[in-house]
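**Student:** Numbering (this note's numbering), first residue to last: 138 to 277. Here it is, the structure in full.
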Amino acid sequence: MKVNREYSDPIKIRAHHILCIQGFQGYGYSKDFETHMQRIIIFLDTHPTTKIQIITKTDEICSYCPYNYKNSCNMDKYSPIIMEKLDKLIIKKFLLKENEIYPIEDILKLVNDNINHNTLIEICGNCSWNNKCLFFKNKI
Ligand code: SF4
């Protein structure tokens with residue numbers, strides 16, 4: 138699959154990815170996934186007023202994941218439920234609304250201003266990437 142997506146408002150982002158995009162170090166599930174994730178991070182970084190829609194299902198980032206099967210996370214039989222619970226936890230913690238549209242700069246500020254140690258552990262404590270993730274390492 139060629140990574141050639143153009144982005145337009147609003148970009149669907151599942152809630153926990155708001156944190157992950159801040160810690161990405163280039164590691165992922167395939168070369169295409171890594172390339173696309175890097176691309177979207179650079180896009181959001183250089184277009185801070187971009188609108189994102191907060192969702193709890195597979196999103197723009199998942200679109201290049203090799204485990205994305207028919208728009209569902211297919212890593213294992215538990216992953217769709219675990220990921221959705223994580224997204225809902227973030228929505229609750231940061232008083233967001235599912236499916237609401239926000240500028241990415243506002244969301245990043247909200248999360249970074251309000252995250253604390255306990256919330257970080259609750260969200261990221263079991264993540265298999267947390268030993269590489271800069272967001273986790275910087276906030277812990
Ligand atoms: S530790 Fe995992 S869940 Fe937390 S921000 Fe990093 S990649 Fe995302």
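All C-beta atoms in this analysis are idealised placements derived from N, C-alpha and C, irrespective of residue type, glycine included.
State yes or no: is the C-beta of P203 within less than 8 Å of the C-beta of S209?
**Tutor:** No, these two residues do not count as a Cβ contact at 8 Å.
**Student:** Consider the C-beta atom of C270 and the heavy atoms of ligand 2; say whether any pair is separated by less than 7 Å.
**Tutor:** Only ligand 1 can be found as ligands here, which leaves ligand 2 out of the picture.
**Student:** Suppose only complete runs of 3+ residues qualify. What are the beta strand (DSSP E) ranges in the segment 175-207, listed by chain order?
**Tutor:** Whole beta strand (DSSP E) segments, 3+ residues: 188-192.
**Student:** Straight-line CA distance for N268 to I277?
**Tutor:** Going by the C-alpha atoms only, they are around 11 Å apart.
**Student:** Would you identify the three-state DSSP class for K269, choosing helix, strand or coil?
**Tutor:** Note: K269 maps to coil in three-state DSSP.
**Student:** Starting from the Cα of C261, find the closest Cα among K207, D169, L226 and L245 and give me that residue.
**Tutor:** It is L226.
**Student:** If the criterion is Cβ atoms closer than 8 Å, does the pair C270 and G160 meet it?
**Tutor:** In this structure, G160 lies closer than 8 Å to C270 by Cβ.
**Student:** Nearest by alpha-carbon distance to Q175: which of I191, C199, T195 and K194 is it?
**Tutor:** When only C-alpha atoms are compared, the closest one is C199.
**Student:** Any idea which residues DSSP pairs C157 with across the strands?
**Tutor:** Per DSSP, none; premise fails for C157.
**Student:** If we count the other Cβ atoms within 10 Å of its Cβ and call it buried at 16 or more, is T183 buried or exposed?
**Tutor:** When all chains shown are included, T183 counts as exposed.
**Student:** For I241 versus I179, is the C-beta spacing smaller than 8 Å?
**Tutor:** Contact flag unset, no.
**Student:** With I150 as the anchor, note down where its beta strand (DSSP E) starts and where it stops.
**Tutor:** Start and end: I148 to R151.
**Student:** Can you list, in chain order, the residues of its chain whose CB lies under 7 Å from that of H154, leaving out five sequence neighbours each side?
**Tutor:** Around H154: D196 and I198.
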